[in-house]
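Below is one structure, written out as structure tokens; comments come after it.
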Amino acid sequence: MFPMKKLLIICGISFAGKSTLARALTERFHYPEVDVDEVKYELYGSAIQDEELRPEDWERTYAETDQRIEHYLQAGKSVVDASRYFTKQERELARRIAMSQNAELVTIFVDTPKAVAQQRLLANRENPARRNVTDADFAAILEAMEPPTADEQPLVLPYGEQIEHWIARNISALS
Numbered sequence: 006m007f008p009m010k011k012l013l014i015i016c017g018i019s020f021a022g023k024s025t026l027a028r029a030l031t032e033r034f035h036y037p038e039v040d041v042d043e044v045k046y047e048l049y050g051s052a053i054q055d056e057e058l059r060p061e062d063w064e065r066t067y068a069e070t071d072q073r074i075e076h077y078l079q080a081g082k083s084v085v086d087a088s089r090y091f092t093k094q095e096r097e098l099a100r101r102i103a104m105s106q107n108a109e110l111v112t113i114f115v116d117t118p119k120a121v122a123q124q125r126l127l128a129n130r131e132n133p134a135r136r137n138v139t140d141a142d143f144a145a146i147l148e149a150m151e152p153p154t155a156d157e158q159p160l161v162l163p164y165g166e167q168i169e170h171w172i173a174r175n176i177s178a179l180s
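Count the sequence shown with our numbering and you get residues 6 to 180, in order.
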């Protein structure tokens, strides 16, 4: 019997460590990753700023990202997306996509304290290692963030736990 393909969605606030976990998962399991920002840059150029995009541009970006997820799942591949899912409504859409492709949805919550994420944001501004998030966008994400509820059966990566130990502890759900 073949293992079931999975859509692994990683949620949490900006600078929580979602991208770091996604990278660890893609390296460990050789899963492809989709990312809203990468799609946005492919569609509109790497110099595009979020505030320059119209609502229909965002709709196109999200639709293209979802199509890529569906493509991987249709090909029988598990896929990782750590680029959104701040609200339960967004995670519900991911569940519907997974169901439509006969895939399992794995919801992962990177539970990092707000103060730690803010420190990482400020450190990133000093030594950029990733795209910056404005103070206004960071505040908006904090406001919008709805941590997964028990009915979503999330796997939780608590702040401070080593990623490799966490992966080993959750290997059956992730592979």
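Idealized CB from N, CA, C, for every residue including glycine. From a predicted model like this one, the values you see are computed outputs, not experimental measurements.
| Item | Value |
| --- | --- |
| Secondary structure of L162, DSSP reduced to three states | strand |
| First through last residue of the beta strand (DSSP E) which encompasses V111 | E109 to D116 |
| Outcome for D86 when other beta-carbon atoms lying within 10 angstroms are tallied against a minimum of 16 | buried |
| Spatially closest choice to V115 from T70, P153 and H76, by CA coordinates | P153 |
| For I14, the first and last residue of its enclosing beta strand (DSSP E) | K11 to C16 |
| Nonlocal neighbours in the same chain, by C-beta distance under 6 Å from L78, ignoring five residues either side | K10, Q106 and A108 |
| Pick from I14, L147, A103 and Y36 that is closest to E120, judged by C-alpha positions | Note that residue 120 corresponds to Ala in the displayed sequence, not to Glu. If we check each option's Cα against that of A120, L147 comes out closest. |
| Range covered by the beta strand (DSSP E) that runs through V41 | Run containing V41: none in the beta strand (DSSP E); it sits in the alpha helix (DSSP H), V41 to Y49. |
| E151, DSSP secondary structure in three states | coil |
| Whole-angstrom distance between R136 and L126, CA atom to CA atom | 10 Å |
| Among P60, E56 and I15, the one whose alpha carbon lies nearest that of L30 | I15 |
| At least three beta-carbon pairs within less than 8 Å, the segment 33-47 to the segment 64-83 | yes |
| Residue range of the unbroken alpha helix (DSSP H) whose run includes V121 | K119 to E131 |
| Beta-carbon gap between P118 and V84 smaller than 8 Å | no |
| Span separating the alpha-carbon of I102 from that of P159 | 17 Å |
| Backbone CA spacing between I53 and R33 [nearest angstrom] | 32 Å |
| Contact set for L48: own chain, Cβ-Cβ below 8 Å, skip 5 residues either direction | D62, R65, T66 and E69 |
| Bridge partner(s) assigned by DSSP for E38 | V85 |
| Runs of alpha helix (DSSP H) wholly within the segment 62-106 (minimum 4 residues, chain order) | 93-105 |
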